[in-house]
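Peer 1:
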Amino acid sequence: MSIPILISKARLPEKLPPLTPEATKFLSRLIRVDQAGELGADLIYAGQHFVFKRSMPSVAPLIKHMWDQEIRHHKAFDELQNKHRVRPSLFSPVWKIAACGLGVGTALMGKEAAMACTLAVETVIGGHYNNQLRDLVRILDEEVRTSKNGRASEELRALATTVSAFRDDELEHLDTAVEHDAEKARPYILLTETIKNGCRVAVWVAERL
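Position in the sequence shown counted from 1, then plus 67, gives you this note's numbering.
1. In the structure shown, what three-state DSSP assignment does His-247 receive?
2. Beta-carbon separation of Gly-194 and Gln-115 under 8 Å?
3. Measuring alpha carbon to alpha carbon, tell me which of Ala-181, Glu-274, Tyr-196 ends up nearest Tyr-255.
4. What did DSSP end up calling His-151 once you bin it into helix, strand or coil?
5. Beta-carbon within less than 6 Å of Ser-69's beta-carbon, same chain only, minus the 5 sequence neighbours each way: which residues are those?
6. By the three-class DSSP mapping on this structure, what secondary structure does Gly-177 have?
7. Output the distance between the C-alpha atoms of Gln-199 and Leu-157, rounded to the nearest integer angstrom.
8. What's the C-alpha gap between Pro-80 and Asp-145?
9. Output yes or no for whether 8 Å exceeds the beta carbon distance between Val-153 and Ser-220.
10. For Arg-139 and Glu-105, I'd like the C-alpha separation in whole angstroms.
11. Below 8 Å on the Cβ atoms is my contact criterion, and I expect His-151 with Ile-98 to pass it. Report the Cβ-Cβ distance as a whole number of Å.
12. Considering only residues of the same chain and omitting the five flanking positions on each side of Ser-159, which have a CB-CB separation below 8 Å?
13. Leaving out the 5 sequence neighbours to the left and right, which residues in its chain are closer than 7 Å to Leu-276 when beta-carbon positions are compared?
14. For a minimum of 3 consecutive residues, which ranges assigned as the beta strand (DSSP E) are wholly contained in the segment 188–228?
15. When the Cα atoms are used, what is the spatial distance from Val-230 to Tyr-196?
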């Protein structure tokens with residue numbers, strides 16, 4: 068007597084629709100500008116740590132903690148850039164030189180100036196990430212509304228999670244800078260506003276070129 072063998076078909080994962088042209092363009096722009104920004108942050112902290120580990124060893128571990136987080140951010144966007152074949156900003160060599168100079172220069176001015184630099188940079192980048200999250204939510208909502216299965220791209224949802232986590236790290240750095248006397252830097256207003264404006268220009272350029 069033969070025994071029937073029951074073979075169950077494995078359920079294949081549901082194929083999600085491709086990204087819309089708007090979402091694809093947004094994804095490329097986001098990855099390009101954020102990779103450039105995290106490259107810059109990585110090198111700013113590298114420059115500051117280079118100075119402080121010699122001039123103020125007590126400050127170096129604090130800088131190293133924030134630097135390690137930026138290294139992780141930078142690596143994540145490098146991977147996204149390669150995965151999605153997004154070209155880097157054409158001004159990447161400029162960002163590298165400017166970031167190294169800013170990191171070393173503010174560290175040579177002292178702990179307060181270095182913290183003021185962090186405050187200025189993270190204020191702009193925190194706001195930048197918030198703007199991106201609002202755009203991501205809008206695009207995700209639109210994809211859910213228009214897709215046949217009522218679902219949005221896994222790629223964009225994962226990206227939103229990444230941006231949100233990195234935003235929180237940047238705002239933590241901002242709080243750290245305030246706690247460590249950023250506002251005692253002299254000239255505080257001139258220094259922070261100059262750095263903020265430089266960051267805004269860099270963001271605008273990196274999004275487009």
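Every residue, glycine too, gets a C-beta built ideally from N, C-alpha and C.
Peer 2: If we stick to the structure as given:
1. coil
2. no
3. Ala-181
4. coil
5. Any reading at Ser-69 must be qualified, since the residue scores a pLDDT of 49, below 50, and its modelled position is unreliable; no value is offered.
6. coil
7. 21 Å
8. The predicted position of Pro-80 is uncertain, since its pLDDT is 44 and thus under 50; a value taken from the coordinates is nonetheless stated next. So the two alpha carbons sit approximately 28 Å from each other.
9. no
10. 9 Å
11. 6 Å
12. Ala-103, Leu-106
13. Ser-156, Leu-157, Phe-158
14. none
15. 7 Å
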